[in-house]
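Residue numbering for the sequence shown follows the working numbering, beginning at 137 and increasing consecutively.
Just so you know, even glycine gets a beta-carbon here, dropped at the ideal spot from N, CA and C.
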Amino acid sequence: MQKRILIVEDEPAIRDMVAFALRKAGLDAVHAGDARAAQEAIMEKVPDLILLDWMLPGQSGLDLARRLRREDLTREIPIIMLTARGEENDRVSGLESGVDDYVVKPFSARELVARIKAVMRRSQAEDERGSVELGELRIDGAAHRVFANDTPVQIGPTEYRLLHFFMTHPERVYSRGQLLDHVWGGNVYVEERTVDVHIRRLRKTLEPHRLDAMVQTVRGAGYRFSTSY
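And the structure:
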């Protein structure tokens with residue numbers, strides 16, 4: 137079955153170019169010109185991935201990404217942000233809103249398709265991972281859910297992969313580069329600063345359950361996941 141990609145982009149020329157490239161790559165592409173149209177498309181059929189433009193009329197792509205991450209139906213859909221903003225702070229803001237990757241305009245169709253396939257490979261791999269329990273945390277791999285003392289934890293897809301890796305490799309220190317290789321994949325270009333953003337998001341996810349201290353910073357070395365805190 138073809139993977140369904142929702143393109144949320146208000147510029148018709150870019151939208152048509154992206155849709156053509158996706159269909160040529162064997163993907164099913166659907167369009168939306170703004171946030172409202174995007175939500176209507178999602179309600180009609182949930183996509184496998186969302187390409188989301190930063191600058192949209194009405195509600196910005198950044199605000200829409202935050203909203204999608206709050207809702208049960210869309211929380212686990214991978215999101216790639218399309219943006220003309222290339223500054224580091226802007227990219228970090230995008231990642232902190234809940235997106236899984238970003239592509240800076242102008243971009244080639246080949247690069248975009250490669251990024252989409254990489255993100256979907258990571259999502260598929262996380263679905264295949266098993267269950268694990270450590271301390272007060274439990275991951276149900278089959279259901280793709282996280283529990284803290286049997287209370288469901290609302291978590292995004294990248295934080296899920298990061299947490300699963302940490303829980304299956306506890307008490308060891310990993311550098312940012314090592315985490316990128318293990319969690320994002322060695323053949324994917326992602327800046328090391330990205331790791332810091334997702335570590336903060338993971339801690340924020342665990343904070344209401346008073347488990348954020350399990351994610352520990354080891355100064356000058358990287359990060360460690362430990363039940364001793």
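With DSSP as the reference, identify every bridge partner of M217, one or two as the case may be. Here the question's residue 217 lines up with position 81 in the sequence shown. Within the DSSP bridge table, the entry for M217 names L188, Y238 as partners.
Same chain, Cβ closer than 8 angstroms to Q352, five either side skipped, listed in chain order: Numbered from its first residue, the sequence shown carries residue 352 at position 216. Non-local C-beta neighbours of Q352 in its own chain, meaning closer than 8 angstroms and more than five positions away in sequence, comprise Y359, R360, F361, S362, Y365, ordered along the chain.
Report the option in M153, E212, K241 whose CA atom is closest to the CA atom of V182. As a working mapping, residue 182 is identified with position 46 in the sequence shown. When each option's Cα is compared against that of V182, the closest is E212.
Would T341 pass as a contact of I291 if the rule is Cβ separation under 7 angstroms? To locate residue 341, count along the sequence shown from 1; it is residue 205. To locate residue 291, count along the sequence shown from 1; it is residue 155. In contact: T341 and I291 (Cβ atoms closer than 7 angstroms).
Unbroken beta strand (DSSP E) run spanning H167, endpoints: What you label residue 167 is simply residue 31 of the sequence shown in a count that begins at 1. For H167, the enclosing beta strand (DSSP E) stretches over residues 164-168.
Can the beta-carbon of T219 be found closer than 7 angstroms to that of Y238? Against the sequence shown, residue 219 aligns to sequence position 83. Against the sequence shown, residue 238 aligns to sequence position 102. In contact: T219 and Y238 (Cβ atoms closer than 7 angstroms).
Cβ neighbour criterion (16 or more within 10 Å) applied to V235: Locating residue 235 in the sequence shown gives position 99, counting from the first residue. Classification of V235: buried, given that the 10 Å Cβ count is 16 or more.
Whole-Å CB distance - V331 paired with L316, under 8 angstroms assumed: Mapped onto the sequence shown, residue 331 falls at position 195. Mapped onto the sequence shown, residue 316 falls at position 180. Rounded to the nearest angstrom, the Cβ distance from V331 to L316 is 6 angstroms, consistent with a contact under 8 angstroms.
In this structure, how does DSSP classify L347 when only helix, strand and coil are distinguished? The sequence position of residue 347 within the sequence shown is 211, counting from 1. It is coil, neither helix nor strand.
Would you say the stretch 276-286 touches the stretch 173-193, given that touching needs at least three Cβ pairs under 8 angstroms? No, they do not touch.
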